[in-house]
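Since the structure comes first, as structure tokens, the remarks are kept for the end.
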Amino acid sequence: MNANFLQTPITYLKGVGPNRAETLQSELGIHTYQDLLNLFPNRYIDKTRYYKISQLQRSNADVQIIGKIIHLKTVEQKKGKRLVATFIDDTGSKMELVWFRGQKWIRENLKLNTPYVIFGKCNWFNGLFSMPHPEMEPLAEHEKGLKIAMQPVYPSTEKLSNRGITNRVISKLIQQLFIETKGQFSETLSDNLLSALKLLPKNEALFNIHFPKNQELLAKAQFRLKFEELFYIQLQLITKKLLRKQRIKGFNFDQVGEQFNTFYEKHLPFDLTNAQKRVIKEIRFDLGSNAQMNRLLQGDVGSGKTIVAVMAMLLAIDNGFQACLMAPTEILANQHYTGIKELLDKIGISCALLTGSVKKSTRKTIHEALESGELDILIGTHALLEDKVKYKNLGLAIIDEQHRFGVAQRAKLWHKNEYPPHILVMTATPIPRTLAMSLYGDLDISIIDELPPGRKPIKTVHRYDSNRLKVFQFIRDEIKKGRQVYVVYPLIQESEALDYKDLMDGYESIARDFPLPNYQISIVHGKMKPADKDYEMERFVKGETQIMVATTVIEVGVNVPNASVMIIESAERFGLSQLHQLRGRVGRGADQSFCILMTSHKLSTEAKTRLETMVRTNDGFEIAEVDLRLRGPGDIMGTQQSGVLNLKIADIVKDNDILQTARHEALKLLKADPSLENPANLVIRHAYAQLVKYKNIWNYIS
Ligand code: ADP
Ligand code: MG
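Numbering-wise, the numbering used here puts 516 at position 516 of the sequence shown, and it's gapless, one number per residue.
Right, here's the structure in full:
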């Protein structure tokens, strides 16, 4: 059946009509024959097995039984009438079938002493099994019918079932679709792929996904369709990446000049790790390749991404361009500014800070210096995105902690310039490789997978609130050794008032246990004026205070190497990636660091898994994988807009192996035949064009 036929509006399918069409459209997004064909079952009920009544278990599972009704009676009750049938199988065991609704119809249509196949869930009551509202079919018809071993269960909604579009109806409609199309659909994968991967042909796969003959064929059908889905997504991602490389010209930074070299030779504050060197090389290669760089730099907290950013900015400056660095919070922007300015002053490069709290007059000076080209580097927050901010020639934009920025904001940076600047996105939330591949398949990815030498792994423990006194003693001991301590409280929008109360109560209790003048305590939270925040931060950074009580504003980027203890209060309320980020605030110096996760005794299973994971490992990638498994891709930051949720059959977490295969095959194909001109690949080219044309391929790329 040709693909155009499958674009027929669903209303033309026999059994649909305008009303049902509208419901199918609004509830399941089914507009065309094609959409219905691609409505894949959520699960299957095994109808390969027939139970005897004596074999029934109180298990709540659906069962199928052959037998006869030998007696039918109406039972009157306060709550209303019910119809009860006595059902007997060929061993003579009995059970009851019960109806609360539709009794008249059933009385008139059910035949006594005639073999039926019944299907449904059983209840155990008064020493007897009973099945309410069973699905029933005369055995004779059952034997004639299409042998569907595994019954598909399709996605449903309340509205659908209210309007009588039950699972059975959907199944019937799909049968009708197979009748009208004679079950013939265009193949969408090449012979090469089919034979190399031993895939089911399209027709067989579609048939068996809707009407599986047995478990084995169902598994094969699922594999084929999942592969196909992921393969075309990868094909799209890789094609886009190749196109971008060809078409989107970038400034060519072919000079590795004075600034870069001087800094590298004379002013590096430490030896770079091998991972840092490798990543700088990757960036240098991109910047000198005539194409616009679009690179994601992943590196765990403390892996040293900042120095990589600095080196990249020097490359821009060596080639006569400006650079900017954008951070998600003022604290972080400040810290970047202070750190980077100190480094760059040594080689006379100008650098300014622009945030929401910079004074108007200063801002004006910065705007002017930026437009005239006097200013080389601008560091700041979202303020960098304001329309007033105009560069003379922005060559490189670096975004730190990208998951805090939306797609639109990233795009805004682009439009600041005649040509798009090179983009380097840095993230300390390692995105699981799986997800990175499917979401950011069009970005190049660099990974710093090595921490600077001399770091001791952070020791993490879980303690209940009832052990607080011991924890306080531990803090006292660490402070005696000259260390500093963070105590972090959750702050969640929905419970903001309560959370602030917790924070303040906590602060007071700490202030009582750690009194002046022996102890000095800083407090930082979102309701404070930026100037007060900075002042408190400053005191902690300088070591004037030993304890920093804070909400998660300190989550990102803050760097105080002498702080060696992180206490996280109500740790069960934090997500895994957030816990990992917070823990990353310690372990930055040479001393042994500790992270203490405080919780109440009431913990959900998921919370327990999170805490156990934190205690077990310091590896951000491992943590990200667990996080992904717990929450699914939908909740991982930045994936909401990605469309990754719209997969029709594959599951990005569970089908990781198929994803790898699909990516591998897509790469191999495009390498051998970039424009799919080989006659053997025409089928793929055609299928891909159809997907794009009918927008059946998911809009993955921001
Ligand atoms: P992040 O990747 O979390 O942004 P930073 O760039 O803030 O990490 O670096 C964390 C700390 O490690 C900083 O104090 C930095 O000076 C230090 N650092 C970075 N690279 C090295 C290195 N190669 N050797 C020693 N210390 C380093
Ligand atoms: Mg950082």
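Ideal Cβ positions, reconstructed from N, Cα and C, are used throughout, including at glycine.
Suppose contacts are defined by Cβ-Cβ distances below 9 angstroms. Is Met548 in contact with Val524 by that definition?
It is a contact, given that the beta carbons lie within the stated cut-off.
Using the beta-carbon count (16 or more within 10 Å), is Leu39 buried or exposed?
Buried.
Does the count of Cβ pairs from the stretch 349 to 359 and the stretch 374 to 394 closer than 8 angstroms reach three?
The stretch 349 to 359 vs the stretch 374 to 394: in contact.
Just to confirm my understanding: we take Ile106, look at its own chain, exclude 5 residues before and 5 after, and list those with CB closer than 8 angstroms. What are they?
Here the set comprises Leu83, Trp99.
By Cβ distance below 7 angstroms, which residues in the same chain neighbour Gly304 in space, the five residues on each side in sequence not counted?
Thr273, Gln276, Ile448, Pro452.
To which residues of the same chain is Asp673 closer than 6 angstroms at the C-beta, ignoring the five residues directly before and after it?
Hits under 6 angstroms: Asn681.
Ordered along the chain, which non-local residues of its own chain (more than five positions away) have a Cβ less than 7 angstroms from that of Asn167?
Val153, Tyr154, Ser156.
Is the beta carbon of Val425 less than 9 angstroms from the beta carbon of Leu443?
Yes, they are a contact pair.
Let me make sure I understand the geometry here. Which of Tyr535, Leu603, Leu237, Gln222 has the alpha-carbon closest to that of Val692?
If we check each option's Cα against that of Val692, Leu237 comes out closest.
Is DSSP giving Asn126 helix, strand or coil here?
Residue state, collapsed to three classes: coil.
Around the Cβ of Gly454, are there at least 16 other Cβ atoms within 10 angstroms (buried) or fewer (exposed)?
Exposed.
Measure the Cβ-Cβ separation of Ala32 and Thr48 and say whether it is below 9 angstroms.
What sits at residue 32 in the sequence shown is Thr, not Ala. Cβ atoms of Thr32 and Thr48: not closer than 9 angstroms.
Does the ligand ATP have even one heavy atom less than 8 angstroms from the beta-carbon of Gly584?
Ligands present in the displayed structure are limited to the ligand ADP and the ligand MG, and the ligand ATP is not among them.
With a threshold of 8 angstroms (Cβ to nearest heavy atom), would Met426 be considered close to the ligand MG?
Because some heavy atom of the ligand MG lies under 8 angstroms away, the Cβ of Met426 counts as near it: yes.
Does the stretch 311 to 330 come close enough to the stretch 256 to 267 that 3 or more CB-CB pairs lie under 8 angstroms?
Segments in contact, yes.
Can you determine whether any heavy atom of the ligand MG sits closer than 8 angstroms to the C-beta of Asp400, and answer yes or no?
Yes, the ligand MG has a heavy atom inside 8 angstroms of this Cβ.
Please report the distance separating the alpha-carbon of Thr460 from that of Val586.
One C-alpha to the other measures close to 11 angstroms.
For Arg82, which three-state DSSP category applies?
Strand at Arg82.
Just curious, the beta strand (DSSP E) that Pro152 is in, first and last residue?
Looking at the DSSP string, the run of the beta strand (DSSP E) that includes Pro152 is 150 to 153.
For a test of your reading of the model: does the CB of Gly302 fall under 8 angstroms from any non-hydrogen atom of the ligand ADP? Yes or no.
Checking the Cβ of Gly302 against the ligand ADP gives yes.
So Met293 and Ile377 are in contact, right, with Cβ under 8 angstroms, and what is the actual spacing, rounded?
That pair is no contact at about 17 angstroms.
Ile636 by DSSP, collapsed to three states: which one?
Here Ile636 scores only 48 on pLDDT, less than 50, and its place in the model should not be relied on; the value that follows carries that caveat. Coil at Ile636, not helix or strand.
How should Gly15 be labelled, buried or exposed, when 16 other C-beta atoms within 10 angstroms of its C-beta is the threshold for buried?
Its Cβ having fewer than 16 others within 10 Å, Gly15 is exposed.
Would you decide whether Asn334 is buried or exposed? Buried here means 16 or more other CB atoms lie within 10 Å of its CB.
Asn334 is buried by the Cβ-count criterion.
Only counting runs of 3 or more residues, tell me where the beta strand (DSSP E) segments fall wholly within the stretch 19 to 60, in order along the chain.
You should have 43 to 46.
Exposed or buried, what is Gly526 when buried is set at 16 or more other beta-carbons lying within 10 Å of its beta-carbon?
Exposed, because fewer than 16 other Cβ atoms sit within 10 Å of the Cβ of Gly526.
Report yes if the C-beta of Ser305 is less than 8 angstroms from at least one heavy atom of the ligand MG; otherwise report no.
The sequence shown places Lys at residue 305, rather than the Ser named in the question. Under cutoff, so the answer is yes.
Please list the segments of the alpha helix (DSSP H) lying wholly inside the stretch 284 to 355, counting only runs of 4 or more residues, in order along the chain.
You should have 305 to 318, 330 to 345.
Quick check on DSSP: helix, strand or coil for Phe185?
In this structure, Phe185 counts as coil in the three-state DSSP scheme.
Please state whether DSSP places Ser642 in a helix, a strand or coil.
With a pLDDT of 41 at Ser642, under the threshold of 50, the modelled position of this residue cannot be trusted, and the question is left open.
With hydrogens ignored, establish whether the beta-carbon of Ile448 is closer than 8 angstroms to any heavy atom of the ligand ADP.
Checking every heavy atom of the ligand ADP against the Cβ of Ile448, one is found closer than 8 angstroms.
What are the boundary residues of the alpha helix (DSSP H) that includes Gln660?
Gln660 -> alpha helix (DSSP H) spans 656 to 672.
So Gly67 and Ile88 are supposed to be a Cβ contact under 8 angstroms. How far apart are they, rounded?
Going by Cβ atoms, the distance from Gly67 to Ile88 rounds to 6 angstroms, so yes, they are a contact pair.
Over what stretch of residues does the alpha helix (DSSP H) that includes Lys501 continue unbroken?
Start and end: 496 to 513.
Is Arg629 helix, strand or coil by DSSP?
It is helical.
Rounded to whole angstroms, what's the CA-CA distance from Tyr51 to Met136? Just pull it up for me.
Taking the straight line joining both Cα atoms gives about 15 angstroms.
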